[in-house]
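Before any comments, here is the structure.
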Amino acid sequence: AYGIKAQRSADFSPAFLSTTLSALDEALHGGVACGSLTEITGPPGCGKTQFCIMMSILATLPTNMGGLEGAVVYIDTESAFSAERLVEIAESRFPRYFNTEEKLLLTSSKVHLYRELTCDEVLQRIESLEEEIISKGIKLVILDSVASVVRKEFDAQLQGNLKERNKFLAREASSLKYLAEEFSIPVILTNQITTHLSGALASQADLVSPADDLSLSEGTSGSSCVIAALGNTWSHSVNTRLILQYLDSERRQILIAKSPLAPFTSFVYTIKEEGLVLQGQQRP
């Protein structure tokens with residue numbers, strides 16, 4: 001069985017799932033990496049869930065369109081997923097492909113949505129996914145969001161709680177990493193942003209980037225820095241971290257804050273009917 005499995009991985013698994021945001025894909029050497037954890041972090045409303053919905057559609061597309069020709073597990077802890085938005089992005093982004101009701105229904109049916117609203121539910125779902133990945137041909141796992149249930153259930157100010165929280169996060173990260181590596185699939189997670197004042201204790205590993213001033217709004221004098229929530233344990237578990245943030249009312253930016261392949265760099269984008277669109281990029 002091992003021989004067959006190893007052969008399957010080598011023969012059929014692409015190394016990346018394209019985001020169709022061409023400059024971002026280029027910087028990441030192909031897109032969201034298979035076999036590893038990619039975190040999308042940022043303030044509310046900047047497009048994290050829309051990015052996840054967009055990636056769900058892309059994973060279901062045929063390989064000749066850059067997709068993975070598979071199904072998706074979408075774990076939604078904030079009830080933020082919208083089936084209507086999925087259809088709108090699909091039709092607007094790939095009008096020539098999604099030209100029939102059947103194709104839209106097929107893609108919708110391939111996105112398996114689970115609403116898990118507690119830490120226990122999330123962990124149980126993740127730890128029972130192996131069989132489903134095999135039986136349903138899952139090629140992408142999304143957890144949107146990691147932070148919401150953890151922040152709801154653990155008060156990080158209490159020492160005992162912090163220990164329990166870190167234990168939970170380590171177990172969650174290790175289960176997700178196992179799935180990513182075992183099946184050579186991408187795992188995408190969303191996280192929230194925490195702001196630390198410069199006097200506050202923030203470990204270096206918590207900082208989202210070596211250039212925090214890039215992630216601050218204009219006019220600040222470097223008195224605070226933006227940090228991905230959940231601390232060190234979590235920070236080290238993530239292979240790639242993308243930060244989404246506001247530039248102004250229309251424009252936002254994606255920062256590559258952590259990557260084994262890409263330098264620290266940023267791209268301006270807007271959110272349209274077809275999802276995230278990089279400034280200056282033609283429709284895919």
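Per UniProt numbering, the sequence shown starts with residue 1, numbered consecutively.
For glycine and all other residues, C-beta sits at the position ideal for the given N, C-alpha and C.
Quantities reported herein were computed from a predicted structural model and do not represent experimental measurements.
Inside the region 39-107, DSSP marks whole beta strand (DSSP E) runs of 3 or more residues at positions 71-76, from first to last along the chain. For ARG125, the enclosing alpha helix (DSSP H) stretches over residues 119-127. As for any alpha helix (DSSP H) of minimum length 4 sitting wholly inside the region 225-280, the runs are 231-237, ordered along the chain.
A distance of 9 Å or more separates the beta carbons of SER235 and LEU28.
Of ARG241, LEU179, ILE271 and LEU230, the smallest CA-CA separation from LEU247 is found for ILE271. In chain order, SER56, ALA59, VAL111 and LEU140 place their CB closer than 6 Å to the CB of VAL72, counting only its own chain and leaving out the 5 sequence neighbours on each side.
The region 21-39 makes contact with the region 249-265: 3 or more CB pairs, one atom from each, lie closer than 8 Å.
The C-alpha of LEU143 is placed about 14 Å away from the C-alpha of ILE185. Pairwise C-beta distances place the region 123-135 in contact with the region 174-190, as three or more of them are shorter than 8 Å.
A check of alpha carbon separations from THR49 across LEU68, ALA228 and GLN192 identifies GLN192 as the nearest.
For the options ALA83, ILE254 and PRO44, the alpha carbon positioned closest to that of TYR114 is the one of ALA83.
Sequence-distant Cβ neighbours of ARG125 in its own chain, meaning closer than 7 Å and more than five residues away, are ILE75, TYR114 and GLU116. SER148 counts as buried, since no fewer than 16 other beta carbons sit within 10 angstroms of its beta carbon. Here DSSP, grouped into helix, strand and coil, assigns ALA15 to coil. Following the DSSP letters along the chain, one finds ASP25 in no beta strand (DSSP E) but inside the alpha helix (DSSP H) bounded by residues 22-27. Among the bridge pairs identified by DSSP, ASN191 is matched with THR41. Residue PHE16 holds the alpha-carbon nearest to the alpha-carbon of LEU37 among PHE16, VAL268, LEU21 and PRO44. One alpha carbon belongs to LEU21, the other to GLY160, and they sit about 43 Å apart.
The beta-carbon separation of LEU123 and LEU169, rounded to 10 Å, does not stay under the 8 Å limit for a contact. Here LEU278 is actually not in contact with LEU61; their C-beta atoms are around 19 Å apart, not less than 8 Å. When DSSP states are grouped into helix, strand and coil, ILE185 belongs to the coil group.
Between the alpha carbons of GLU26 and THR107 lies a distance of about 26 Å. The shortest C-alpha to C-alpha distance from PRO43 to any of GLN281, THR265, GLY280 and LEU242 is the one to LEU242. In terms of Cβ geometry, PHE94 and MET65 form a close pair [threshold 9 Å].
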